[in-house]
Each structure stands twice: as structure tokens, then as C-alpha cells.
Amino acid sequence: MWSRTNTPALGNPAPAQRLMKLAKALFASVVLAVAMTAEADNREAPKPDWSVSDMPSQEGRIVLVTGGTSGMGYEDALALARAGAEVIIAARNVERGREAIERIRQQVPDARVQFESVDLANLASVRELAERLNGRLSRLDVLINNAAIMAPPQRRTSSDGFELQMATNYFGHFALTGLLMPLLRESEDGRVVSLSSIAAARGALDFDDLQSELDYDPYGAYAQSKLAVLNWAFELQRRSDDAGWGIRIIAAHPGVAVTELIERGPGLDSPFGEQWAQNLDDYHSAAQGAISTLYAATASEAVGGAYYGPTGEDEKRGPLGFARTPEAACQRTDAEQLWQLSERLTGVTYP
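Here it is as C-alpha cells:
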């Protein structure tokens, strides 16, 4: 069972020294944020009205979508199958997997789509999936880390003892991606697309209570898990560049889309769910929410290390573009600490 991670005591530096360290850290994060903004400004922005009709053919491509039985993951799988990709849907519920495949084949009769069982909140299950895929695939072209849970009212833990949102949204995907890296490196255009959220802007990585054992706030824990995804995506791109893996790692968020995420999380009868239901006109469909992911997964001009999403009011919906990157995702020291902790807790070391 995993227990709370504490940052080791480093003594009691003088106030002036602490202020100097804080100033240096703040300066470094500002410099990185400015650099990322400048780099984004120099990149080719997506067509604001980019849609699935702009997707290039995906014939010959092999794509794995986690959580592809409903919502945006299903829309990803449907669009990719329609474009000719071989699609693997990985999720927990076998029956829902069968239903998703039947629905796709009703619309795309010649779709090459299959289901693989995985529980991202169980590292043994993640390893089993990776072993099966490494055993039968010659390569993997795209991994879409889409599966997520949001704000269960009571703190729950995974089979490995992690807070359930961190386990499902982040740790499971961190482990799966690392275990599938050999297959991704065999692709001529390997891509990892990981789903963050506009909630990441409200998140903070609390390394003293990363598993929310001391204080569980459902929405704070969700925001932290999605901030972790964003930090990890940027760090993974840096490591890919440094090691010459030739893989594009791209983050995306859907804005706010009408899916089953609220129903399965806080519940439609919760205060949050009731307010969400009253504001449905402010949101868009699951198919529209999938656009940023599909762009990252297929567009030739999609940039490794970028973060895409809708650019309308509060980024809830609207034209596709570069998403705003939270300052908390621009601190390299946090990303490195998170990476080291993730390797230790999952037991997965990237090649």
C-alpha cells in the first residue's frame, strides 16, 4: 500500500536564502513560460475551423484510444476508423466495448476496430495490456490517453493505493505510455496525445499530499491530476527530443463537452451536476470536444510539445487553436520531481 509522500527536510535556511531560492524559482518559471509563449507564437496555428473532414487518410496507421467506449474517446475511435486507421479501444467494461465496436461498424462497415480490456487504476492490468500489445504489434503509431474520471464525492483509492483520479487520469497513462514506448519508437510518425483539462489552470502539484490523504477536495484532486498530465506531456517531449526518439508528444483539452463524465463523477443530482445541466447551452458536443485530440493525432502540422484546445470564452468551446498553458505547468523542477516520483510509484522506467 502506498503511503503519503513527504518532501525530505532540508534544514532551516535563513530567511534571506529562502527568499533568494524562491526568487530564482519564480524567475525560472517566468522565463520558461515566456519562452513557451514565444515558441507557440512562432508555430503554425491550426485552422480555426479544422474538422474531421480535414483529417488526412489514416490508412496503415495503428491507434490505441483509452476510454474509447463513450464520450470523446468514442468519437476519436469513430473518426479514426472512418479515416482508415486500425483502432484499438482500451477500457474496463467489456460489454460497453462490444457495444462501441458495434456502433462504429454500423457507421463504418469495413472498420478495423477491436477492444482490449484494461483498468488504468490497476498497474497489473496496465502491464498485462502492454504485454499483449508488445507481443502482437510491430509498432504503434498513435496513443491517445483519453480515459478519465472526475470528482467522485468521496475519496477512493486504486488497487495500488493511489487516489483514484491520480491513478486513472495520470499514473495509469504514465505507466502505459512508458511500457508502449518501444512500439511507438518503431513508428515513422509516433505520437502520444494526452488529455488535460481547463481545470488544470486551477490545479497545484502538492508533493506533500499528492494522494489527497490529508485533505480530499474532489475538484482540487481532479485539477491536480490534469495538471500532472500537462507537466508530464511537456517533460516527455523534452526527453524525446534529448534522446532522439522522434516522437511527438502533444497535449490537448476538449473545453467543456457534454459527456458522461459528470454523471459518473459527482453525479447529475449534485450541486455541480445541477449547475452543469442548467448551462448545457454553453458547452459543445462530445464530437466537437474531440476535435483538438483528433488534430493532435492526425494533422501533419501538429507540433510536438504543443497544447491544443478551443479558444472561445474561457476556452469552454470555440475555434481550435493553441490552449493557454498554466504557469504551474511551466516549472521544469516540478515536472522533473513528478517524473521521478511517477517512475518510483509505478515501477515503470522509460527506455
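If you number the sequence shown the way this note's numbering does, the last residue is 359 and the count never jumps.
Cβ atoms here follow ideal geometry from the backbone N, Cα and C, with glycine treated the same way.
Check whether Asn154 and Asp84 have beta carbons under 8 Å apart: Walking along the sequence shown from the start, residue 154 turns up at place 146. Walking along the sequence shown from the start, residue 84 turns up at place 76. Yes, they are a contact pair.
Span of the beta strand (DSSP E), counted from its first residue to its last, around Leu328: To locate residue 328, count along the sequence shown from 1; it is residue 320. Note, Leu328: beta strand (DSSP E), 328-330.
At least 3 beta-carbon pairs within less than 8 Å: the segment 133-152 vs the segment 316-336: no
CB of Ile97 within 8 Å of CB of Val73, strictly: Taking the first residue of the sequence shown as 1, we reach residue 97 at position 89. Taking the first residue of the sequence shown as 1, we reach residue 73 at position 65. Yes, they are a contact pair.
Under the three-state DSSP convention, the category Ala98 falls into: For the purposes of this step, residue 98 is taken as residue 90 along the sequence shown, with counting starting at 1. Ala98: strand per DSSP, three-state reduction.
Identity of the residue in Asp250, Ser204, Pro64 nearest Ala260 by Cα: The sequence position of residue 260 within the sequence shown is 252, counting from 1. Residue Ser204 is the option with its Cα nearest to Ala260.
For Ile258 and Ala304, believed in contact at Cβ under 8 Å, the rounded distance: The residue you call residue 304 lines up with position 296 of the sequence shown. The residue you call residue 258 lines up with position 250 of the sequence shown. About 4 Å separates the two Cβ atoms, so the contact holds.
Selected residue, minimal CA-CA separation from Gly254, among Arg199, Asp214, Ile109: Here the question's residue 254 lines up with position 246 in the sequence shown. The residue with the shortest Cα to Cα distance from Gly254 is Arg199.
Host alpha helix (DSSP H) of Gly81 (start-end): Your numbering for residue 81 matches position 73 in the sequence shown. Where Gly81 is concerned, the enclosing alpha helix (DSSP H) stretches over 79-90.
Proximity of Leu238 and Ala208 at Cβ, strictly below 8 Å: As a working mapping, residue 238 is identified with position 230 in the sequence shown. As a working mapping, residue 208 is identified with position 200 in the sequence shown. Taking 8 Å as the Cβ cut-off, Leu238 and Ala208 qualify as a contacting pair.
Three or more C-beta pairs below 8 Å linking the segment 300-316 and the segment 55-72: yes
Residue environment, Thr77, which counts as buried when at least 16 other CB atoms sit within 10 Å: Sequence index remark: in the sequence shown, residue 77 carries index 69 (1-based). That one is buried.
Same chain, Cβ closer than 6 Å to Tyr315, five either side skipped, listed in chain order: On the sequence shown, residue 315 is found 307 positions in, with the first residue counted as 1. The residues are Ala259, Ala331, Thr333.
Close Cβ partners of Ala132 (< 8 Å) along its chain, the five nearest in sequence each way excluded: Along the sequence shown, one-based indexing puts residue 132 at 124. Ser167.
Cβ-based burial, Pro359 [other Cβ within 10 Å; buried from 16]: Translated into the one-based positions of the sequence shown, residue 359 becomes position 351. By the neighbour-count rule (16 or more Cβ atoms within 10 Å), Pro359 is not buried but exposed.
Beta-bridge partners of Val201, as assigned by DSSP: Indexing the sequence shown from 1 puts residue 201 at position 193. Per DSSP, Ile152, Ile258.
Reduced DSSP category for Thr354 - H, G, I as helix; E, B as strand; rest coil: The residue you call residue 354 lines up with position 346 of the sequence shown. Thr354: helix per DSSP, three-state reduction.
For Ser300 and Glu335, the rounded distance between their alpha carbons: For this step, residue 335 is matched to residue 327 along the sequence shown. For this step, residue 300 is matched to residue 292 along the sequence shown. Going from the Cα of Glu335 to the Cα of Ser300 covers about 21 Å.
Segment contact, 8 Å Cβ cut-off, at least three pairs: the segment 104-111 with the segment 130-144: no
Residues near Glu351 by beta carbon distance below 6 Å, same chain, minus five either side: Walking along the sequence shown from the start, residue 351 turns up at place 343. So the list reads Thr357, once near-sequence residues are dropped.
For Glu139, the first and last residue of its enclosing alpha helix (DSSP H): Here residue 139 refers to the residue found at position 131 of the sequence shown. Where Glu139 is concerned, the enclosing alpha helix (DSSP H) stretches over 131-144.
Inter-residue Cα distance where the pair is Arg90 and Ala298: Within the sequence shown, numbered from 1, the residue matching residue 90 stands at position 82. Within the sequence shown, numbered from 1, the residue matching residue 298 stands at position 290. Distance between the alpha carbons of Arg90 and Ala298: 14 Å.
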